[in-house]
Amino acid sequence: MVLLVAAVVAVLALRDDTYVAPTPTAPSVAAARPAEAAAALDALARALEDGSPEAAAAVAPPGDETAAARLAAVADDASALGVGEVDLRYVDALGPVGNDGSWTAEADATWSFAGFDTAPVRAEVQVALRVVGDAVGVVGFVAPAAATDGVADDRLPLWLTGAVEVSRADDVLVLAADDLDLERYARLARAAVAQVREVLPGWRTGLVVQVPSSAEALRAALAADERQYAAVAAVTTTVGDGTDPAAPVHVFVNPEVFDGLDPRGAQVVMTHEAVHVATDAPRADVPLWLLEGFADHVALRDVDLPVTTTAGQVIAQVREDGVPAALPGPAEFDTSATHLGATYEAAWLACEVVADAAGPDALVELYRRVDAGEDVEAVLRDVAGFGLAGLTQRWQERLRAVAA
Numbered sequence: 002m003v004l005l006v007a008a009v010v011a012v013l014a015l016r017d018d019t020y021v022a023p024t025p026t027a028p029s030v031a032a033a034r035p036a037e038a039a040a041a042l043d044a045l046a047r048a049l050e051d052g053s054p055e056a057a058a059a060v061a062p063p064g065d066e067t068a069a070a071r072l073a074a075v076a077d078d079a080s081a082l083g084v085g086e087v088d089l090r091y092v093d094a095l096g097p098v099g100n101d102g103s104w105t106a107e108a109d110a111t112w113s114f115a116g117f118d119t120a121p122v123r124a125e126v127q128v129a130l131r132v133v134g135d136a137v138g139v140v141g142f143v144a145p146a147a148a149t150d151g152v153a154d155d156r157l158p159l160w161l162t163g164a165v166e167v168s169r170a171d172d173v174l175v176l177a178a179d180d181l182d183l184e185r186y187a188r189l190a191r192a193a194v195a196q197v198r199e200v201l202p203g204w205r206t207g208l209v210v211q212v213p214s215s216a217e218a219l220r221a222a223l224a225a226d227e228r229q230y231a232a233v234a235a236v237t238t239t240v241g242d243g244t245d246p247a248a249p250v251h252v253f254v255n256p257e258v259f260d261g262l263d264p265r266g267a268q269v270v271m272t273h274e275a276v277h278v279a280t281d282a283p284r285a286d287v288p289l290w291l292l293e294g295f296a297d298h299v300a301l302r303d304v305d306l307p308v309t310t311t312a313g314q315v316i317a318q319v320r321e322d323g324v325p326a327a328l329p330g331p332a333e334f335d336t337s338a339t340h341l342g343a344t345y346e347a348a349w350l351a352c353e354v355v356a357d358a359a360g361p362d363a364l365v366e367l368y369r370r371v372d373a374g375e376d377v378e379a380v381l382r383d384v385a386g387f388g389l390a391g392l393t394q395r396w397q398e399r400l401r402a403v404a405a
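The numbering used here puts the first residue of the sequence shown at 2, with every later residue one more than the last.
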């Protein structure tokens, strides 16, 4: 055997042509299959709209029981939420296909919560897929990593995680991560609706509250900057990618902050956010001091606490720095700003000045008319008898008095 090998090498060495070693054959890697992936997403969309866990599980890769259970859970949640108008449209692969046939794709998702959302939600989501033989299966929906600028283009809607619990009533829909206290959030939301309707009886569209498992899950749900809501207990915003001017408005809770509040503080926050839903605050054309101050006016209306408690942070700020020169604006309300709590309290006191001078109904009228497009200076003079300069002076006097 050794001689034969040596002879072959000798013959090759005497040949004029150059020997070229064959290129090693790489392991076979499956290619992305957009058409099959699109069909799988379409089948999953139908299963979710029907609320069928069996049909959803059938879209998972063959033999992947974990993925099947995950998709079945999403379908169960969809049924409990009353999800309708579901569409999942394949857009493109995000990166190469792995050796095991798996890849991540971007999809356009559309859905709505029946009885609460008056328009469908649209969002770009990321979905994990895998080729198994001739089939393409859906593994599940995945959280996008934050981009280099801290903001992700895609999002992971809470209801698509397959790990939520649902409380649904006529006017309140709460979905919370399954490791959280769902009933607590639902109880607070129901009380918030009742409190808001005492001031705004015309609000009848209902309240949707979403509670992800963590601040990071909140970031993924909202495609937000990783620091944007880190210190915020809750935020009211439009759902989805923001391209639809009629997109629904929901409350999103940051449990890492909210769950540290005492019962009274938690109720104030929930009612404050419910006011924003009732007034369509994300789309309101209202000065921030009025938008946020009015929400706190409603939330604190029946709270029996001294002003030294409800305005404790701004009192401390005034004692240290003196009264502000102007009503708070966008810079002061930036979620990364220092003394954010004091800013909200300052806005609340400005609205209390109006309510004390002209009555609570005058404050409601001020908000509604300014939101409808009227000039805040003119409306303020009409309902309260003084303009912005007069309000600022009275507000500064109130701050000095409570800080004395």
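Glycine included, each C-beta is placed from N, C-alpha and C at the ideal position. Here the structure is a predicted model, which is why all the values come from computation and not from measurement.
Requested in this report: Put Thr24 into one of helix, strand or coil per three-state DSSP.
Outcome: Within the sequence shown, the letter at position 23 stands for residue 24. Below a pLDDT of 50, predicted positions are generally treated as unreliable, and Thr24, at 47, falls in that range; no measurement from the model is reported.
Query raised in the report: In angstroms, rounded to a whole number, what distance separates the CA positions of Gly163 and Pro307?
Result: As a working note, residue 163 is residue 162 in the sequence shown. As a working note, residue 307 is residue 306 in the sequence shown. Within the model, the alpha-carbon separation for Gly163 versus Pro307 is close to 44 Å.
Query raised in the report: What is the DSSP secondary structure of Thr310, counted as helix, strand or coil?
Result: By one-based count along the sequence shown, residue 310 stands at place 309. Per DSSP, reduced to three states, the secondary structure at Thr310 is helical.
Report task. Please look up how many angstroms separate the CB atoms of Ala1 and Ala74, rounded, as I've assumed it's under 8 Å. Result -> A question about residue 1 goes unanswered here, because the residues of the chain that appear run from 2 up to 405.
Query raised in the report: Roughly how many angstroms lie between the CA atoms of His251 and Thr311, to the nearest whole one?
Result: By 1-based counting over the sequence shown, the position of residue 251 is 250. By 1-based counting over the sequence shown, the position of residue 311 is 310. Each residue's alpha carbon lies about 26 Å from the other.
Report task. Would you grab the beta carbon distance between Leu45 and Ala57 for me? Rounded to a whole angstrom, and I think it's under 8 Å. Result -> Numbered from 1 along the sequence shown, position 44 holds the residue referred to as residue 45. Numbered from 1 along the sequence shown, position 56 holds the residue referred to as residue 57. Indeed, because the Cβ distance is near 6 Å, the residues count as touching under 8 Å.
Report task. Apply the 10 Å Cβ neighbour rule to Pro97 and answer buried if 16 or more other Cβ atoms are within range, or exposed otherwise. Result -> The residue given as residue 97 occupies position 96 in the sequence shown. So Pro97 ends up on the exposed side.
Query - alpha helix (DSSP H) runs wholly inside the region 200 to 250, at least 4 long, in chain order - result: The alpha helix (DSSP H) runs of length 4 or more contained entirely in the region 200 to 250 are, from start to end of the chain, 216 to 223.
Query raised in the report: What's the call for Asn100, buried or exposed, on a 16-neighbour Cβ count within 10 Å?
Result: One-based indexing of the sequence shown puts residue 100 at position 99. Flag for Asn100 reads exposed.
Query raised in the report: What residues match up with Ser337 in a beta bridge as DSSP calls it?
Result: Taking the sequence shown and counting its residues from 1, the one referred to as residue 337 is at position 336. For Ser337, DSSP assigns no beta-bridge partner whatsoever.
Query raised in the report: Going by DSSP, what residues sit across from Arg169 in a beta bridge?
Result: Locating residue 169 in the sequence shown gives position 168, where the first residue counts as 1. Arg169 is bridged to Leu174.
Query raised in the report: Which value, in whole angstroms, describes the spacing of the CA atoms of Val270 and Ala70?
Result: Within the sequence shown, numbered from 1, the residue matching residue 270 stands at position 269. Within the sequence shown, numbered from 1, the residue matching residue 70 stands at position 69. So the two alpha carbons sit approximately 36 Å from each other.
Query raised in the report: Per the contact definition of three or more C-beta pairs closer than 8 Å, is the region 262 to 277 in contact with the region 287 to 298?
Result: They touch, by the three-pair rule.
**Report entry** Pairwise C-alpha distance: Thr206 and Pro121
**Finding:** For this step, residue 121 is matched to residue 120 along the sequence shown. For this step, residue 206 is matched to residue 205 along the sequence shown. Rounded to the nearest angstrom, the two C-alpha atoms are 15 Å apart.
Query raised in the report: Which class does Val324 belong to by DSSP, given the choice of helix, strand or coil?
Result: Position 323 of the sequence shown, counting from 1, holds the residue named residue 324. Reduced to three states, the DSSP call for Val324 is coil.
Query raised in the report: In its own chain, which residues sit with a C-beta less than 7 Å from the C-beta of Leu219, not counting the 5 before and 5 after it?
Result: Counting from 1 along the sequence shown, the entry for residue 219 is found at position 218. Taken in chain order, the residues that qualify are Pro213, Tyr230, Phe253, Asn255.
**Report entry** Per-residue DSSP class, three states only, for Ser53
**Finding:** One-based indexing of the sequence shown puts residue 53 at position 52. Ser53: coil per DSSP, three-state reduction.
Query - Beta-bridge pairing of Trp104 - partner residues as DSSP gives them - result: As a position in the sequence shown, residue 104 is number 103, starting the count at 1. Per the DSSP secondary-structure output, Trp104 pairs in a beta bridge with Leu130.
Query - Helix, strand or coil at Ala285 according to DSSP, with G and I counted as helix - result: Taking the first residue of the sequence shown as position 1, residue 285 is located at position 284. Three-state result, Ala285: coil.
Query raised in the report: With distances taken from CA atoms, which of Thr239, Val210, Ala234 is nearest Ala224?
Result: Start at 1 with the first residue of the sequence shown, and residue 224 comes out as number 223. The option with the nearest alpha carbon to Ala224 is Thr239.
Query - Cα-Cα separation, Trp104 to Ala338 - result: Indexing the sequence shown from 1 puts residue 104 at position 103. Indexing the sequence shown from 1 puts residue 338 at position 337. Roughly 40 Å between the two C-alpha positions.
Query - Sheet register partners of Val304 (DSSP bridge) - result: To locate residue 304, count along the sequence shown from 1; it is residue 303. Under DSSP, no beta-bridge partner is assigned to Val304.
Query - Among Leu201, Ala108, Asp180, nearest to Tyr368 - alpha-carbon criterion - result: Residue mapping note: residue 368 aligns to position 367 of the sequence shown, counting from 1. Measuring from the Cα of Tyr368, the nearest candidate turns out to be Leu201.
Report task. Tell me whether Gly85 sits in a helix, a strand or coil according to DSSP, three-state version. Result -> For this step, residue 85 is matched to residue 84 along the sequence shown. Gly85: strand per DSSP, three-state reduction.
**Report entry** Cβ distance (whole Å) where Ala356 is taken to contact Leu350 below 8 Å
**Finding:** In the sequence shown, the residue the question calls residue 356 occupies position 355. In the sequence shown, the residue the question calls residue 350 occupies position 349. Not confirmed; about 10 Å, so no contact.
Query raised in the report: Ser113 bridges to which residues according to DSSP?
Result: Reading the sequence shown from its first residue, position 112 is the one you call residue 113. For Ser113, which the question treats as bridged, DSSP gives the partners Gly85.
Query raised in the report: Quick one, which of Ala32, Leu208, Ala41 has its alpha-carbon nearest Gly116's?
Result: Translated into positions along the sequence shown, residue 116 becomes position 115. Of Ala32, Leu208, Ala41, the residue nearest in Cα terms is Leu208.
Requested in this report: Taking all protein chains shown into account, decide if Arg284 is buried (16 or more other Cβ within 10 angstroms of its Cβ) or exposed.
Outcome: What you label residue 284 is simply residue 283 of the sequence shown in a count that begins at 1. The residue is exposed, with fewer than 16 neighbouring Cβ atoms inside 10 Å.
Report task. Would you mind giving the Cβ-Cβ distance between Leu157 and Ala38, rounded to the nearest angstrom? I have them listed as a contact below 8 Å. Result -> Sequence index remark: in the sequence shown, residue 157 carries index 156 (1-based). Sequence index remark: in the sequence shown, residue 38 carries index 37 (1-based). With a beta-carbon spacing of about 18 Å, Leu157 and Ala38 fall beyond the 8 Å limit used to define contacts.
Query raised in the report: How would you label Ala379, buried or exposed, when you count the other beta carbons within 10 angstroms and need 16 or more for buried?
Result: Position 378 of the sequence shown, counted from the start, is the residue given in the question as residue 379. Ala379 should be labelled exposed.
Report task. Compute the beta-carbon to beta-carbon distance between Val87 and Ala108, rounded to the nearest angstrom, for a pair I have assumed lies under 8 Å. Result -> Position 86 of the sequence shown holds residue 87. Position 107 of the sequence shown holds residue 108. About 12 Å separates the two Cβ atoms, so there is no contact after all.
Query raised in the report: So Thr280 and Asp372 are in contact, right, with Cβ under 8 Å, and what is the actual spacing, rounded?
Result: Within the sequence shown, the letter at position 279 stands for residue 280. Within the sequence shown, the letter at position 371 stands for residue 372. Taking C-beta atoms under 8 Å as the contact rule, Thr280 and Asp372 qualify, at a distance of about 7 Å.
Query raised in the report: So what does DSSP say about Val139, is it helix, strand or coil?
Result: If you number the sequence shown from 1, residue 139 lands on position 138. Under the three-state reduction of DSSP, Val139 is assigned to strand.
Query raised in the report: Could you give the distance in angstroms between the alpha-carbon of Glu66 and the alpha-carbon of Ala187?
Result: Taking the sequence shown and counting its residues from 1, the one referred to as residue 66 is at position 65. Taking the sequence shown and counting its residues from 1, the one referred to as residue 187 is at position 186. In this structure, the CA atom of Glu66 is about 32 Å from the CA atom of Ala187.
Requested in this report: Give me the Cβ distance between Ala358 and Ala385, rounded to the nearest whole Å; I'm assuming they're in contact under 8 Å.
Outcome: Indexing the sequence shown from 1 puts residue 358 at position 357. Indexing the sequence shown from 1 puts residue 385 at position 384. Indeed they touch by this definition, with Cβ atoms about 5 Å apart.
Query - For Leu13, the three-state DSSP class (helix, strand or coil) - result: Taking the sequence shown and counting its residues from 1, the one referred to as residue 13 is at position 12. Legend: pLDDT at Leu13 = 31, less than 50; position of this residue unreliable, no value from coordinates given.
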